[in-house]
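From first to last, the protein sequence lines stand for chains X and D. According to numbering that gives the first Met the number 0, the residues represented by the first sequence are 0 to 146, in order. According to numbering that gives the first Met the number 0, the residues represented by the second sequence are 0 to 146, in order. Okay, structure first, notes after.
2 protein chains.
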Amino acid sequence: MTEVHLRDALDTLKSTGVRITPQRHAILEYIIQSMSHPTADDIYKALEGKFPNMSVATVYNNLRVFREAGLVKELTYGDASSRFDFITNDHYHMICNSCGRIVDFHYPGLDEVEHLASHLTGFEVSSHRMEIYGTCPSCKEHSTKVQ
Amino acid sequence: MTEVHLRDALDTLKSTGVRITPQRHAILEYIIQSMSHPTADDIYKALEGKFPNMSVATVYNNLRVFREAGLVKELTYGDASSRFDFITNDHYHMICNSCGRIVDFHYPGLDEVEHLASHLTGFEVSSHRMEIYGTCPSCKEHSTKVQ
DNA sequence: TATTAATTTGTAATTGTTATAATAAGTATA
DNA sequence: TATACTTATTATAACAATTACAAATTAATA
């Protein structure tokens, strides 16, 4: 599964005239196989064994390239680091307020909301973002134990 | 309408033991009457006539106080400044990708999604966030004219 | 009005991200 | 293959939003 995604992604990049460098290959592969919505720094640290000379700027540059190619989604959180997510099929994120863990969950796209919003505001809709916040099972358990 | 909100908000603060300083009063008032989801810096600039010696830190400190008291919602956007929104009733935001304008629109809370997500992931849900992105009417018009 | 704990202020520090310039690595053309 | 040309990487400096800190000030209450 991972390999198919990687191959497709590399093809997409090539077709838009982006060179496949070893760093790009590795960053892309890492994001795809990662189940954990990594930050730029996570990626940088994960690959520093393989690429001791790689710059953080390279990670950021390539994440931007991937985003612009529509391969990767950036999730921004104010002051904290952005997290990056390989785009497969539509899913949303559930975020733990206590430990920050992000869990995927699937839900059919909210086309109706987009439609209504477009109608009400006159915007031409391109996308939407939804996240649900709460406490994950393990934090929940932990907090009840502590108190 | 604004006055009622302001009075209620001040009462809420007082009841939790927060002092009402002139700066707090002014910041709160500004957010409530503002229709434009201001950044911390917007607020700072808007009030520097009234409070020439006010520090930016004061604005940030108080926005945190308001957020913790549940009076204000912070909308974060990665690198860019957070925007602050006085909480009245449930509404979502429509954001223009081109000029950054934020328009409110009302939609019944997505309780069903929260419920499903909670069921699927075992999280205890506290809130959710949804935003719709697109192009606002004036940017749309402008871009067609230019091309 | 005097007391005290909370708040403000000014500034320095922090952190995520981007700009820049020099170097390296591909790619195309003759 | 040699050459020029474009793109990518690296290292570092710069930037901007936000927060930490210590000293000075002030709101609330007895």
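Every residue, glycine too, gets a C-beta built ideally from N, C-alpha and C. Computed from a prediction, not measured in an experiment: that's the story for all the values here.
Checklist line | Neighbour flag for ASP10 (chain X) against chain D, beta carbons, 8 angstroms | finding: no
Margin query: On the DSSP letters alone, give me the boundaries of the beta strand (DSSP E) that GLU153 (chain X) sits inside.
Written below: In this structure chain X extends from 0 to 146, so residue 153 (chain X) is not present and cannot be described.
Notebook entry, point to check: For VAL55 (chain X), does the count of other Cβ atoms within 10 angstroms reach 16, so buried, or fall short, so exposed?
Noted result: exposed
Notebook entry, point to check: Near LYS144 (chain X), what residues of its chain come up, given a Cβ to Cβ distance below 8 angstroms and the 5 sequence neighbours on each side ignored?
Noted result: Note on LYS144 (chain X): pLDDT 47, under 50, position unreliable in the model; the coordinate value appears next. Nothing listed; no residue qualifies.
Check: How many angstroms separate the CA atom of GLY133 (chain X) from the CA atom of LEU70 (chain X)?
Finding: 28 angstroms
Notebook entry, point to check: For a contact meaning CB atoms closer than 9 angstroms, what does PRO136 (chain X) contact in chain D?
Noted result: THR120, GLY121, PHE122 and GLU123
Margin query: 8 angstroms is my cut-off, CB to CB: does TYR29 (chain D) come that close to chain X?
Written below: no
Note to self: Does any residue of chain D have a CB that is nearer than 8 angstroms to the CB of SER81 (chain X)?
What the structure shows: yes
Next item on the list: Note the first and the last residue of the continuous alpha helix (DSSP H) segment covering ALA68 (chain X).
Entry: Careful: ALA68 (chain X) lies outside any alpha helix (DSSP H) and carries neither H nor E.
Checklist line | Residues that ASN88 (chain D) contacts on chain X, provided the C-beta gap is smaller than 7 angstroms | finding: Those do not exist, as ASN88 (chain D) stays about 16 angstroms from chain X at its closest Cβ, beyond 7 angstroms.
Check: If you scan the region 33-121 of chain D from start to end, which runs of the alpha helix (DSSP H) of 4 or more residues do you find wholly inside it?
Finding: 39-46, 55-67 and 110-120
Checklist line | Beta carbon proximity, CYS98 (chain D) to chain X, threshold 8 angstroms | finding: no
Notebook entry, point to check: Any C-beta of chain D sitting closer than 8 angstroms to the C-beta of GLY69 (chain X)?
Noted result: no
Checklist line | Simplified DSSP assignment, three categories, for ARG18 (chain X) | finding: coil
Margin query: So, for ILE30 (chain D): in the same chain, excluding its five sequence neighbours on each side, which residues have a beta-carbon less than 8 angstroms away from its beta-carbon?
Written below: PRO37, ILE42, PHE65, VAL71, PHE83, ASP84 and PHE85
Checklist line | Cα-Cα separation, GLN146 (chain D) to ASN61 (chain X) | finding: Reliability of the predicted coordinates at GLN146 (chain D) is poor, the pLDDT of 36 falling under 50, and the value obtained from them is presented with this limitation in mind. Going from the Cα of GLN146 (chain D) to the Cα of ASN61 (chain X) covers about 30 angstroms.
Margin query: Can you list, in chain order, the residues of its chain with a C-beta nearer than 8 angstroms to that of GLN32 (chain D)? Leave out the 5 residues immediately preceding and following it.
Written below: THR1
Item checked: ILE26 (chain X) burial status per 10 Å Cβ neighbour count (16 or more: buried) -> buried
Note to self: Less than 8 angstroms between the C-beta atoms of PHE104 (chain X) and LEU74 (chain D), yes or no?
What the structure shows: no
Check: GLU113 (chain D) CB to nearest chain X CB: under 8 angstroms?
Finding: yes
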